[in-house]
Amino acid sequence: HAQTNNLDAFWMPFTANRQFKQAPRMFVGAKDMHYTTSDGRQVLDGTAGLWCVNAGHCRPKITEAIQRQAAELDYAPAFQMGHPKAFELASKLVSIAPTGLDHVFYTNSGSESVDTALKIALAYQRAIGQGARQRLIGRERGYHGVNFGGISVGGIVNNRKFFGGLLGGVDHMRHTHDPERNPYPKGETEHGAELADDLLRIATLHDPSTIAAVIVEPVAGSTGVLPPPKGYLKRLREICDQHGILLIFDEVITGYGRLGQPFAADYFEVTPDIIVTAKGLTNGVIPMGAVFVRNEIHDAFMGGPEHMIEFFRGYTYSGNPIAAAAALATLETYKEEGLFERAKALEPVWADAIHSLRGTRHVIDIRTIGLIGAIELEPIAGQPTKRAFAAFVEAYEKGLLIRTTGDIIALSPPLIIEERQIGEIVETLRPILEALN
Ligand code: PMP
Numbered sequence: 008h009a010q011t012n013n014l015d016a017f018w019m020p021f022t023a024n025r026q027f028k029q030a031p032r033m034f035v036g037a038k039d040m041h042y043t044t045s046d047g048r049q050v051l052d053g054t055a056g057l058w059c060v061n062a063g064h065c066r067p068k069i070t071e072a073i074q075r076q077a078a079e080l081d082y083a084p085a086f087q088m089g090h091p092k093a094f095e096l097a098s099k100l101v102s103i104a105p106t107g108l109d110h111v112f113y114t115n116s117g118s119e120s121v122d123t124a125l126k127i128a129l130a131y132q133r134a135i136g137q138g139a140r141q142r143l144i145g146r147e148r149g150y151h152g153v154n155f156g157g158i159s160v161g162g163i164v165n166n167r168k169f170f171g172g173l174l175g176g177v178d179h180m181r182h183t184h185d186p187e188r189n190p191y192p193k194g195e196t197e198h199g200a201e202l203a204d205d206l207l208r209i210a211t212l213h214d215p216s217t218i219a220a221v222i223v224e225p226v227a228g229s230t231g232v233l234p235p236p237k238g239y240l241k242r243l244r245e246i247c248d249q250h251g252i253l254l255i256f257d258e259v260i261t262g263y264g265r266l267g268q269p270f271a272a273d274y275f276e277v278t279p280d281i282i283v284t285a286k287g288l289t290n291g292v293i294p295m296g297a298v299f300v301r302n303e304i305h306d307a308f309m310g311g312p313e314h315m316i317e318f319f320r321g322y323t324y325s326g327n328p329i330a331a332a333a334a335l336a337t338l339e340t341y342k343e344e345g346l347f348e349r350a351k352a353l354e355p356v357w358a359d360a361i362h363s364l365r366g367t368r369h370v371i372d373i374r375t376i377g378l379i380g381a382i383e384l385e386p387i388a389g390q391p392t393k394r395a396f397a398a399f400v401e402a403y404e405k406g407l408l409i410r411t412t413g414d415i416i417a418l419s420p421p422l423i424i425e426e427r428q429i430g431e432i433v434e435t436l437r438p439i440l441e442a443l444n
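Last residue of the sequence shown: 444 in UniProt numbering, with the numbers rising by one and none dropped.
Below you can see the structure in the form of structure tokens.
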């Protein structure tokens, strides 16, 4: 038998043992804005875990709800049975969703929500006699999780190139007019409508009446925090309406207050047909996702031919009691503490603070939106990711957790962050950036 405590047994590619075999970074505790490390240090969480712990860590209300639920009703199938909290949660969720998206389907993650949304889109088109609509459109640099649907519509070539044929009939809209420039050439942030017209280019390559749905992240997160250029999402909505194409927002990151509104749909005042969520739904504590659908979509399924329901399965853990209890307690926490409003009020403070790093050595771009920020560093020639990773290690040593993607530092603190902690993030980063090679 292998010896216990073999650090290679858990081999997820990016986890703790990879770069620091001798002294892997480990978290052993967390409270509110901080993690505790295995060597007993406090680390300020600048990332809300992986963009998910929006209400901060180990919040007693959420923890207790989970404990109570686990003791009272641990599991109940959503198949031919139910339990009250799943229904109560759905009502609460639709009450904060954009008007007209009054139904939710539960999953266990962002990836599952994405694949579920794509299936809903295809099945809906068929249900309304649009079965020729089989094509799905994503966007370059879009990240939609790790399942087959998600990597197919996702715009990261490296994430899909080893995995065979994937979904057929997928195209990717351009992320920018100038793929060499990262992310947008000067002035392009003003020309979102023009960029969205790339959907028309794809539509005319085929036939618009063969396209089922378009999926986009309102703000591309994992590929480096890329807020859409002005008018982009509105114009996408227009084109989709003109051509009977469904618009899906992947709000796995932007949902539940990250932009100071329940959803990015509210922030950008564009209502999609389907909203994909996970992460902040349960404060990241228990795996759970929810897919919101427009009423017509729900009605076509539930009022449509028997086979629509018969062929559409949920998951063993869809709406399970413990996740539902965690989500209910999370939504209550957001509401009681006014965390979405808080994020909104902090947005300009956050923007000013992060933008104050402009002009620091190697910083080539800074972007913020809601309580998300990106500090883009000039890559070292031939060694992409090295500079940002060095900043990550330094920050961790100095008591700050950031996240990097390529040479971009991504920030997304819990929404409970205090102004002085925003200052702490910036003043920890400033000397680190100045000292980088
Ligand atoms: N979509 C987006 C926009 C995401 O950011 C993520 C995760 N970072 C996912 C989907 C996948 O979510 P999960 O990791 O929960 O499967």
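We put the CB at the ideal spot given by N, CA and C, even for glycine. Remember, predicted model here, so these are calculated numbers, not experimental data.
Supposed contact pair residue j and residue i - C-beta distance, whole angstroms, cut 8 angstroms
{"i": "G228", "j": "W58", "result": "6 angstroms"}
{"i": "Y150", "j": "G199", "result": "With 8 angstroms as the limit, Y150 and G199 do not qualify as a contact, their Cβ atoms being about 20 angstroms apart."}
{"i": "H250", "j": "I293", "result": "No, H250 and I293 are not in contact; Cβ-Cβ is about 39 angstroms, not under 8 angstroms."}
{"i": "F270", "j": "I260", "result": "Rounded, the Cβ-Cβ distance is 11 angstroms, inconsistent with contact."}
{"i": "A331", "j": "A93", "result": "5 angstroms"}
{"i": "L206", "j": "V221", "result": "6 angstroms"}
{"i": "H64", "j": "D52", "result": "7 angstroms"}
{"i": "F347", "j": "Q268", "result": "6 angstroms"}
{"i": "A442", "j": "I415", "result": "Incorrect: roughly 19 angstroms between the Cβ atoms, too far for contact."}
{"i": "Y322", "j": "R32", "result": "The Cβ separation is near 32 angstroms, so there is no contact."}
{"i": "T44", "j": "L418", "result": "Actually they are not in contact, since the Cβ atoms of T44 and L418 sit about 19 angstroms apart, beyond 8 angstroms."}
{"i": "F288", "j": "R349", "result": "The sequence given here has Leu at residue 288, not Phe. Actually they do not touch by this definition, with Cβ atoms about 18 angstroms apart."}
{"i": "S216", "j": "A97", "result": "S216 to A97, Cβ: 33 angstroms. No contact."}
{"i": "G296", "j": "S120", "result": "4 angstroms"}
{"i": "I387", "j": "F399", "result": "Wrong, their Cβ atoms sit about 15 angstroms apart, outside the cutoff."}
{"i": "P234", "j": "E258", "result": "That belief does not hold up - the Cβ atoms of P234 and E258 are roughly 14 angstroms apart, past 8 angstroms."}
{"i": "L173", "j": "R167", "result": "6 angstroms"}
{"i": "H90", "j": "H305", "result": "Actually they do not touch by this definition, with Cβ atoms about 21 angstroms apart."}
{"i": "N13", "j": "Y324", "result": "Incorrect: roughly 30 angstroms between the Cβ atoms, too far for contact."}
{"i": "R242", "j": "D204", "result": "7 angstroms"}
Residue i, enclosing alpha helix (DSSP H) - first and last residue
{"i": "M309", "result": "302-309"}
{"i": "A402", "result": "393-404"}
{"i": "G157", "result": "155-160"}
{"i": "I429", "result": "426-442"}
{"i": "V164", "result": "164-167"}
{"i": "G199", "result": "199-203"}
Segment limits, beta strand (DSSP E) that includes residue i
{"i": "G38", "result": "Reading the sequence as shown, one finds Lys at residue 38 and not Gly. Start and end: 34-38."}
{"i": "residue 3", "result": "This structure cannot settle anything about residue 3, because the visible part of the chain is limited to 8 through 444."}
{"i": "residue 1", "result": "Outside the modelled stretch of the chain, which goes from 8 to 444, sits residue 1, for which no answer is possible."}
{"i": "D15", "result": "From DSSP, D15 is part of no beta strand (DSSP E); its letter is neither H nor E."}
{"i": "R48", "result": "Counting along the chain, R48 falls outside any beta strand (DSSP E), and DSSP gives it neither H nor E."}
{"i": "G145", "result": "142-146"}
{"i": "L418", "result": "415-418"}
{"i": "R410", "result": "410-412"}
Contacting residues, own chain, Cβ-Cβ under 8 angstroms from residue i (five flanking each side not counted)
{"i": "R244", "result": "L254, V277, T278, P279"}
{"i": "H41", "result": "Q49, V50, L51, D52, H64"}
{"i": "A307", "result": "Y131, A134, I135, M315"}
{"i": "A397", "result": "L443, N444"}
{"i": "T340", "result": "A62, R66, K68, I69, N290, L346"}
6 angstroms CB neighbourhood of residue i in its chain, flanking five on each side removed
{"i": "K405", "result": "T435"}
{"i": "T385", "result": "Looking at the sequence itself, residue 385 is Glu, so the reference to Thr does not match. Here the set comprises H369, I371."}
{"i": "K99", "result": "L338"}
{"i": "D178", "result": "I144, I209"}
{"i": "S118", "result": "G152, V153, N154, G157"}
{"i": "A77", "result": "I329"}
{"i": "F86", "result": "none"}
{"i": "A336", "result": "K68, I69, A72"}
Other residues of its chain near residue i: CB distance less than 7 angstroms, five sequence neighbours each side excluded
{"i": "W357", "result": "T375, L378, G380, I429"}
{"i": "T196", "result": "P236, K237"}
{"i": "T412", "result": "S229, T230, G231"}
{"i": "D273", "result": "P105"}
{"i": "D39", "result": "G63, H64, I423"}
* Which ranges does the alpha helix (DSSP H) cover as unbroken runs of at least 4 residues, wholly within the region 56-135, from first to last along the chain? -> 67-79, 91-103, 117-134
* Can we say the region 282-302 touches the region 114-132, given the rule of at least three CB pairs closer than 8 angstroms? -> yes
* **Stretch pair the region 95-107 + the region 270-287: three plus CB contacts closer than 8 angstroms** => yes
* Segment contact flag, the region 229-238 with the region 148-168, C-beta cutoff 8 angstroms, min 3 pairs -> yes
* For the region 326-384, list the beta strand (DSSP E) runs that are entirely contained and at least 3 residues long, ordered along the chain. => 370-376, 379-384
* Are there three or more Cβ pairs, one per stretch, closer than 8 angstroms when the region 355-365 is compared with the region 422-439? -> yes
* Between the region 307-319 and the region 131-147, do at least 3 Cβ pairs fall closer than 8 angstroms? -> yes
* To do: Could you name each continuous alpha helix (DSSP H) segment of 4 residues or more that falls completely within the region 209-280, going from the start of the chain to the end?
  => 239-250, 271-275
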